[in-house]
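Asks: The structure that follows is given in the form of structure tokens.
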Amino acid sequence: MAEPTEKDYAASAKAVVDNAVSGAMEMVEDVIASAFRRLETRMSEREKTCESLKTGRLSEEDTFISRDENFEMKDIGWMTIQDFSVEKAEQKIHEYIKTWEYEDSWLYCIDFLGEDLHPYDRRYRFRVRWSIPTRRKPVPRATASVYFTFVVSTIKPGNYPVEVYYVFETNRLVHRPGQSRFREKWLKDIIESKVSMMATVRF
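Residue numbers (our numbering): 3 to 205.
Written out as structure tokens, the structure reads:
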């Protein structure tokens with residue numbers, strides 16, 4: 003039997019990471035879906051419709067948001083329901099990320115993952131993949147992802163704002179812009195955990 007080549011090692015390591023990423027994406031989708039299910043089961047159909055039209059926003063208690071009272075939260079002007087588009091959503095994600103504090107060595111890219119139809123809204127999902135390429139390793143060994151969800155109501159007036167939530171890969175906490183502080187350490191922890199997992203692969 004031929005000895006495994008360096009290419010074989012790289013392919014095996016990549017497969018391990020791909021499986022981990024796939025599992026993380028499934029977890030993220032489950033977390034967001036669970037959050038909305040909890041909201042929907044707390045109100046009757048009539049109450050849900052009236053509450054949506056009256057308030058235009060979900061309560062802070064029900065959105066599972068992390069708050070930091072000792073830090074000035076930064077936010078941007080998002081968009082209204084009638085102004086929403088996938089392209090504008092990507093632009094807003096770029097704009098919002100500019101309010102985060104992180105080292106210049108980080109690079110990121112945004113991918114549109116798809117649209118999900120629900121009885122009272124449409125949900126658009128985006129992935130922001132972060133990495134730190136270097137001269138020695140221009141292709142990073144691992145990336146860290148942040149998943150954004152734009153909730154576009156189909157029952158509220160068009161001048162109401164789009165709801166935006168985001169979660170970090172491997173983390174079950176659902177964040178909301180302007181009410182949660184970004185921490186660069188979260189990205190580093192995700193990447194370090196992936197690199198450590200790859201190091202445990204034996205051939």
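Heads up, the beta-carbon is just placed ideally off N, CA and C, and yes, glycines get one too.
So for Ser133, helix, strand or coil by DSSP?
Replies: Here residue 133 corresponds to residue number 131 of the sequence shown, with the count starting at 1. Correct three-state label for Ser133: strand.
Asks: Could you say which of Thr82, Gly180, Thr101, Tyr110 lies nearest to Val141 if we only look at CA atoms?
Replies: The sequence position of residue 141 within the sequence shown is 139, counting from 1. For Val141, the nearest C-alpha among the options comes from Tyr110.
Asks: Restricting to Cα atoms, I'd like to know which of Gly116, Arg185, His120 is closest to Ser87.
Replies: Locating residue 87 in the sequence shown gives position 85, where the first residue counts as 1. Comparing Cα-Cα distances from Ser87 to each of Gly116, Arg185, His120, the minimum goes to Gly116.
Asks: Assign His177 to buried or exposed, taking buried as 16 or more other Cβ atoms, counted over all protein chains shown, within 10 Å of its Cβ.
Replies: On the sequence shown, position 175 is the one that residue 177 refers to. His177 is buried by the Cβ-count criterion.
Asks: According to DSSP, what are the bridge partners of Glu97?
Replies: Translated into positions along the sequence shown, residue 97 becomes position 95. Looking at the DSSP assignment, Glu97 forms no beta bridge with any residue, so it has no partner.
Asks: Kindly indicate which three-state DSSP category Val2 falls into: helix, strand or coil?
Replies: This structure cannot speak to residue 2, because the chain is shown only from 3 to 205.
Asks: Among the candidates Thr136, Asp77, Met81, Ala144, whose CA atom is the shortest distance from the CA of Tyr162?
Replies: Taking the sequence shown and counting its residues from 1, one reaches residue 162 at position 160. Among Thr136, Asp77, Met81, Ala144, the Cα nearest to that of Tyr162 belongs to Met81.
Asks: Are Ile112 and His96 close, meaning C-beta to C-beta below 9 Å?
Replies: Position 110 of the sequence shown, counting from 1, holds the residue named residue 112. Position 94 of the sequence shown, counting from 1, holds the residue named residue 96. Cβ distance < 9 Å, so Ile112 and His96 count as in contact.
Asks: Tell me whether the beta-carbon of Glu186 lies closer than 9 Å to the beta-carbon of Trp102.
Replies: Locating residue 186 in the sequence shown gives position 184, counting from the first residue. Locating residue 102 in the sequence shown gives position 100, counting from the first residue. Yes, Cβ-Cβ distance for Glu186 and Trp102 is below 9 Å.
Asks: Please go through the same chain and pick out, in chain order, the residues whose beta-carbon is closer than 6 Å to the beta-carbon of Ser2, but skip the five residues on each side of it.
Replies: What is shown of the chain runs 3 to 205, which leaves residue 2 out entirely.
Asks: Drop a sphere of 10 angstroms on the beta-carbon of Asp123, count the other beta-carbons inside from all chains shown, and report buried for 16 or more, exposed for fewer.
Replies: Taking the first residue of the sequence shown as position 1, residue 123 is located at position 121. With 16 or more other Cβ atoms within 10 Å, it is buried.
Asks: Which first and last residues belong to the beta strand (DSSP E) in which Glu186 is found?
Replies: Here the question's residue 186 lines up with position 184 in the sequence shown. First-last for Glu186: 186-201, but that is the alpha helix (DSSP H), not the beta strand (DSSP E).
Asks: Please go through the same chain and pick out, in chain order, the residues whose beta-carbon is closer than 8 Å to the beta-carbon of Ser195, but skip the five residues on each side of it.
Replies: Taking the first residue of the sequence shown as 1, we reach residue 195 at position 193. Cβ neighbours of Ser195 beyond the five flanking positions: Thr172.
Asks: Measure the CB-CB distance between Trp132 and Ile78 and report whether it falls below 9 Å.
Replies: Along the sequence shown, one-based indexing puts residue 132 at 130. Along the sequence shown, one-based indexing puts residue 78 at 76. The answer is no: Cβ separation not under 9 Å.
Asks: Grab the span of the beta strand (DSSP E) containing Thr151 for me, first residue to last.
Replies: For this step, residue 151 is matched to residue 149 along the sequence shown. That run of the beta strand (DSSP E) goes 146-155.
Asks: Is the separation between the beta-carbon of Val130 and that of Phe152 shorter than 9 Å?
Replies: In the sequence shown, the residue the question calls residue 130 occupies position 128. In the sequence shown, the residue the question calls residue 152 occupies position 150. No; because the gap between Cβ atoms is not below 9 Å, this pair is not in contact.
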